[in-house]
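Read the structure below first, then the notes.
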Amino acid sequence: MDIDVLGALDVRENGVSVAPTAPKPRQVLALLALHADRVVPVASLIEELWSDRPPRSARTTLQTYVLQLRELIAAALARGTGQQSGAEPERRSAKDVLLTLPGGYLLSSDGGASDIREFERLAGLGYRAMDAGDFAGASRTLTAALDLWSGSAFADVQTGIQLAMEAKRLDESRLCALDQRIEADLRLGRHREVLAELTVLTSRYRTHENLHAQFMIALHRSGRRGEALDVYLQLRTILGRELGLEPSPRLSRLQHSILMATPETTPGPAAPARAARAAHVPPAGPLAPTH
36 MDIDVLGALD
46 VRENGVSVAP
56 TAPKPRQVLA
66 LLALHADRVV
76 PVASLIEELW
86 SDRPPRSART
96 TLQTYVLQLR
106 ELIAAALARG
116 TGQQSGAEPE
126 RRSAKDVLLT
136 LPGGYLLSSD
146 GGASDIREFE
156 RLAGLGYRAM
166 DAGDFAGASR
176 TLTAALDLWS
186 GSAFADVQTG
196 IQLAMEAKRL
206 DESRLCALDQ
216 RIEADLRLGR
226 HREVLAELTV
236 LTSRYRTHEN
246 LHAQFMIALH
256 RSGRRGEALD
266 VYLQLRTILG
276 RELGLEPSPR
286 LSRLQHSILM
296 ATPETTPGPA
306 APARAARAAH
316 VPPAGPLAPT
326 H
């Protein structure tokens with residue numbers, strides 16, 4: 036089974052999509068796919084579907100959604116079996132793919148591809164390359180990790196409490212990888228190449244100090260010192276107006292170095308790649324109900 040959630044939900048068995056179009060069965064599949072090969076408690080699925088106000092028939096309705104998913108899986112398995120020839124095909128049933136286990140359900144990927152797992156693997160390699168000073172390798176590997184994304188996580192899924200929290204975690208992991216990839220590119224002297232990207236990112240993340248610091252460095256090293264100072268002033272205004280804060284001492288030092296026209300302005304990442312990697316750990320299992 037191949038699983039993609041870093042964008043639109045796509046779950047394929049034998050190359051055939053098993054993702055339903057109905058919103059709630061789709062939610063169930065998304066949460067099971069996110070935690071593939073691990074038991075997802077019934078209580079977590081119920082919380083995802085109905086928050087803290089489940090109907091009396093919640094368990095029965097959930098069983099109906101699981102049955103619908105198994106029907107889609109069975110159809111995909113049948114199609115795959117029909118395409119095989121020669122040796123006797125391995126016989127798997129829908130219940131072997133979507134298992135009922137004590138306390139919950141488990142979606143078996145059977146060793147298939149998962150964009151989340153591949154993203155975590157590549158991002159981890161990229162962070163280790165940053166720690167080792169291999170900026171070219173870090174940029175290349177983190178770019179490959181980021182290329183797995185086609186939009187926000189679970190972009191076409193109606194999300195409840197569980198999926199919304201996981202989507203936020205995944206998007207934060209994506210931002211960490213992006214931050215480190217830009218840092219690697221700056222270390223490689225690719226200042227002009229990252230300007231357009233940083234223009235968009237600093238508009239989207241208006242209080243993210245490290246992205247603004249990277250933007251200031253890229254502008255300064257591209258001969259646009261005045262614009263680099265404007266970025267600082269705009270951030271200072273936003274931080275003061277919206278959060279009642281001043282820019283960090285690190286950012287203030289960067290502004291001062293640009294004012295003094297220091298040829299090489301390199302504040303370094305706001306947090307080492309080691310810290311970014313620590314924040315980028317996949318969940319140990321599905322979250323317990325929050326209420």
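36 is the number of the first residue of the sequence shown in this note's numbering; add one for each residue after it. C-beta atoms are modelled at their ideal positions from N, C-alpha and C, and glycine is treated no differently.
Legend entry - Inter-residue Cα distance where the pair is L221 and L280: Sequence index remark: in the sequence shown, residue 221 carries index 186 (1-based). Sequence index remark: in the sequence shown, residue 280 carries index 245 (1-based). Looking at the two C-alpha atoms, the distance is approximately 27 angstroms.
Inset, instruction - Look at the alpha carbon of V46 and the alpha carbon of R126, and state the distance between them as a whole number of angstroms. - result: Here residue 46 refers to the residue found at position 11 when the sequence shown is read from its first residue. Here residue 126 refers to the residue found at position 91 when the sequence shown is read from its first residue. Spanning the two alpha carbons is a distance of roughly 20 angstroms.
Inset, instruction - Could you check how far apart the C-beta atoms of A35 and V40 are, in whole angstroms? I think they sit under 8 angstroms. - result: The first residue shown for the chain is 36 and the last is 326, placing residue 35 beyond what the model contains.
Inset, instruction - Please name the residue, chosen from S238, H291 and Y140, that lies closest to V74 on a Cα-to-Cα basis. - result: Working through the sequence shown from its first residue, we reach residue 74 at position 39. V74 has its Cα closest to that of Y140, out of S238, H291 and Y140.
Legend entry - N- and C-terminal bounds of the beta strand (DSSP E) containing E48: Along the sequence shown, read from residue 1 onward, the residue named residue 48 stands at position 13. From DSSP, the beta strand (DSSP E) with E48 extends over D45 to E48.
Legend entry - Rounded Cβ spacing between L44 and A54 (contact assumed at less than 8 angstroms): The residue you call residue 44 lines up with position 9 of the sequence shown. The residue you call residue 54 lines up with position 19 of the sequence shown. Right, the Cβ-Cβ distance comes to about 5 angstroms (below 8 angstroms), so this counts as a contact.
Inset, instruction - Using 10 angstroms around the beta-carbon of D87, count the other beta-carbons present and answer buried if the total reaches 16, otherwise exposed. - result: Taking the sequence shown and counting its residues from 1, one reaches residue 87 at position 52. Answer is exposed; the Cβ neighbour count stays below 16.
Legend entry - Length of the line joining the Cα atoms of G275 and R204: The count along the sequence shown starts at 1 and reaches residue 275 at position 240. The count along the sequence shown starts at 1 and reaches residue 204 at position 169. One C-alpha to the other measures close to 27 angstroms.
Inset, instruction - Determine the DSSP secondary structure at P76, reduced to helix, strand or coil. - result: Position 41 of the sequence shown holds residue 76. In the three-state reduction of the DSSP assignment, P76 falls in the strand class, which pools E and B.
Inset, instruction - Select from G261, Q249 and A212 the residue whose C-alpha is nearest the C-alpha of G159. - result: As a first step, residue 159 must be located in the sequence shown, where it is residue number 124. Closest option to G159, Cα to Cα, is A212.
Legend entry - beta-carbon L41 near the ligand FAD non-hydrogen atom, thresh 7 angstroms: Inclusion of the ligand FAD in the displayed structure is not the case, the ligand content being empty and no account of it being possible.
Inset, instruction - Note down, one range per segment and in chain order, each alpha helix (DSSP H) of at least 4 residues found wholly within the region 123 to 196. - result: 129 to 132, 150 to 166 and 170 to 181, all fully within the region 123 to 196.
Inset, instruction - State the DSSP-derived secondary structure class of D265, mapped to helix, strand or coil. - result: Along the sequence shown, one-based indexing puts residue 265 at 230. Looking at D265 - three-state DSSP - the assignment turns out to be helix.
Legend entry - Under 8 angstroms between C-beta atoms of L230 and T237: By one-based count along the sequence shown, residue 230 stands at place 195. By one-based count along the sequence shown, residue 237 stands at place 202. At least 8 angstroms separates the beta-carbon of L230 from that of T237.
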